[in-house]
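Peer 1: The following block contains the structure, expressed as structure tokens.
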Amino acid sequence: MLPVVALVGRPNVGKSTLFNRLTRTRDALVADFPGLTRDRKYGQANYEGMQFIVVDTGGISGDEQGIDAEMAQQSLLAVEEADLVLFLLDARTGITAADQGIARHLRLQNKPVHIVANKVDGIDGDSESAEFYALALGEVHQIAAAHGRGISQLLQNLLYPLSETFPDMIAPDEPVNHEEEDAEAQLKRLQDLPIKLAIVGKPNVGKSTLTNRILGEERVVVYDQPGTTRDSVFIPMSRDDREYILIDTAGVRKRRKVSDMVEKFSIVKTLQAIEEANVVLLVVDAREGITDQDLSLLSFVLNSGRSLVMAVNKWDGLDTDVKDEIKRELDRRLGFIDFARLHFISALHGSGVGNLFESVQEAYGSATRRINTSILTRIMEMAQDDHQPPLVRGRRVKMKYAHAGGYNPPVIVIHGNQVEDLPDAYKRYLMNYFRKSLKVMGTPIRIEFKEGA
Ligand code: GDP
Ligand code: GDP
């Protein structure tokens, strides 16, 4: 589990500037799901060795009326899911009525809130931000998000103390399983453990129907009750002599009102579940096709390195030509993930559901199959023979040998001279070559390059 940091503030105070600096990616997950409005963004931050989920709550002014008030309320739901709230203010403009409104809201929340005075570059930060103490939300921290100033200190002071509760947030200096022996130990562990399977997807694709369908067919051992709205339910089950832990993001057990989308769907929960899982079952709705939200979730799964199986749900009652059209559309939009199995299912009627587990097993199997040094080195040599690496600064890059550096996802470490300088196109070529030669299905693979022998 990673801690969740929410950025709150009125428009223009610098939330997205800070968000982008913390996540260093354009891969933000934008929560414009129906019923969850405002331009809320979710990203995985990795800043100076600290990993956490960061949420840009979108601009709220605190004094919205009518429908706006409802939306602002939802933005504030993001605050409820947070472990730490950073309330951003603009040191150049001082306190506005909107800031007062937000402060009122935040004071009512039982959350650690900290005031962050942004844009202190080129001004006297101490005196300009002194008035923020009047908001009665404690100490005022000064940063200049656009220039990266003060952020390190801020995170050291506020976030680091959370590492006692969230040990996963401290990123190791080196990628964990760089060495062959470590990879081997990791593999032994993975092969003995139950497969953690997360069922994820946007609201209404049929996750709970599917979860119930799966559980209805299986022997459920015990339910673990969640602590808060953002926690998934972990359900141990077994199937074909294999132990699983189903990570239920839909909250099957807790739901009463089907209409209550806001309550049941949580992006933080979804991201945590992906982090936690070995295999992710991504459910999409055949009748809606592949939406941008599906693609955002997909890119999160791909970045996480988890194994992936895709289920196209609600495949019942469709005409043949509609089905053909949907398949063409899927091909067009999902062509880039050629390693994941695609299943057409009906969670409602049960068709195709049983077969999902074959792909889940296959995906986990691919992610945890021992790949030995001689085979990897051999494949690397064949790739090199078929296609010489290019010259880098007038010298030919020489790859020497390859070994496994980790599993789930499989990591291939290639040693050699100047290998870190290989152009991206060649790295992609190697990736495809390894993928084809190793016949890995259901899991992404990663290649790391190490200078020298
Ligand atoms: P948001 O609406 O809260 O997400 O605010 P943005 O991140 O879009 O920033 C609003 C404006 O403030 C942009 O023009 C930014 O370039 C500017 N800005 C953000 N951080 C800083 C800063 O540290 N110093 C200065 N001078 N400008 C900043
Ligand atoms: P969740 O929000 O992803 O958990 O989605 P639900 O399981 O609550 O399903 C949303 C709606 O889609 C409900 O009305 C379900 O009855 C319906 N639904 C789920 N699976 C199927 C399916 O396979 N076929 C059809 N036709 N409807 C389905």
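For the record, in the sequence shown the residue sitting at position 61 is 75 according to my numbering, with numbers rising by one throughout.
All C-beta atoms, glycine included, are put in the ideal place defined by N, C-alpha and C.
Just so you know, these numbers come straight off a predicted model, no measurement behind them.
#1: Do Arg-320 and Val-293 have their beta-carbon atoms positioned less than 8 angstroms apart in this structure?
#2: Taking the C-alpha atoms as reference points, what is the distance between Leu-311 and Ile-304?
#3: Kindly indicate the opening and closing residues of the beta strand (DSSP E) around Gly-420.
#4: What are the start and end residues of each continuous alpha helix (DSSP H) run of 4 or more residues lying completely inside the segment 428 to 464, in chain order?
#5: For the alpha helix (DSSP H) that contains Asn-369, what are its first and last residues?
#6: Determine the direct distance from the alpha carbon of Lys-450 to that of Glu-232, and round the result to whole angstroms.
#7: Identify, in the order they occur along the chain, each residue of the same chain with its Cβ nearer than 6 angstroms to the Cβ of Asp-135, setting aside the five sequence neighbours on each side.
#8: With a cut-off of 6 angstroms, give the chain-ordered residues whose Cβ is closer than this to any heavy atom of ligand 2.
#9: With which residues is Pro-8 paired in a DSSP beta bridge?
#10: With 16 other CB atoms within 10 Å as the buried threshold, where does Asn-124 fall?
#11: Just the residues with CB closer than 6 angstroms to a heavy atom of ligand 1, in chain order, which are they?
#12: So if DSSP puts Met-394 in a beta bridge, which residue, or which two residues, is it bridged to?
#13: Is Val-293 near ligand 3, judged by its Cβ being under 7 angstroms from some heavy atom?
#14: Using the rule of at least 16 other Cβ atoms within 10 Å of the residue's Cβ for burial, across every protein chain shown, is Arg-38 buried or exposed?
#15: In the DSSP assignment, find the unbroken beta strand (DSSP E) run with Gly-57 in it and report its ends.
#16: Let me make sure I understand the geometry here. Which of Val-282, Gly-419, Pro-423 has the alpha-carbon closest to that of Phe-463?
#17: Taking Ile-259 as the reference, give the member of Lys-210, Thr-225, Val-219 with the closest Cα.
#18: Run through DSSP, which three-state label would Pro-48 get?
#19: Within 8 angstroms (strictly less), CB to CB, does Gln-205 reach chain B?
Peer 2: The short version:
#1: yes
#2: 11 angstroms
#3: 412 to 420
#4: 438 to 452
#5: 367 to 381
#6: Residue placement at Glu-232 cannot be trusted, given a pLDDT of 49 that sits under 50; the coordinates are not used to answer.
#7: Ala-158, His-161
#8: Gly-215, Pro-217, Asn-218, Val-219, Gly-220, Lys-221, Ser-222, Thr-223, Ala-264, Val-272, Asn-327, Lys-328, Asp-330, Ser-360, Ala-361, Leu-362
#9: The structure shown has nothing for residue 8, since the chain only spans 15 to 467.
#10: exposed
#11: Gly-23, Pro-25, Asn-26, Val-27, Gly-28, Lys-29, Ser-30, Thr-31, Gly-73, Asn-132, Lys-133, Asp-135, Ala-158, Ala-159, Ala-160, His-161
#12: Answer is none; Met-394 lacks a bridge partner.
#13: With respect to small molecules bound, the structure shown includes ligand 1 and ligand 2 and not ligand 3.
#14: exposed
#15: 55 to 61
#16: Gly-419
#17: Lys-210
#18: The predicted position of Pro-48 is uncertain, since its pLDDT is 48 and thus under 50; no value can be drawn from it.
#19: Absence of chain B from the displayed structure is noted, only one protein chain being present.
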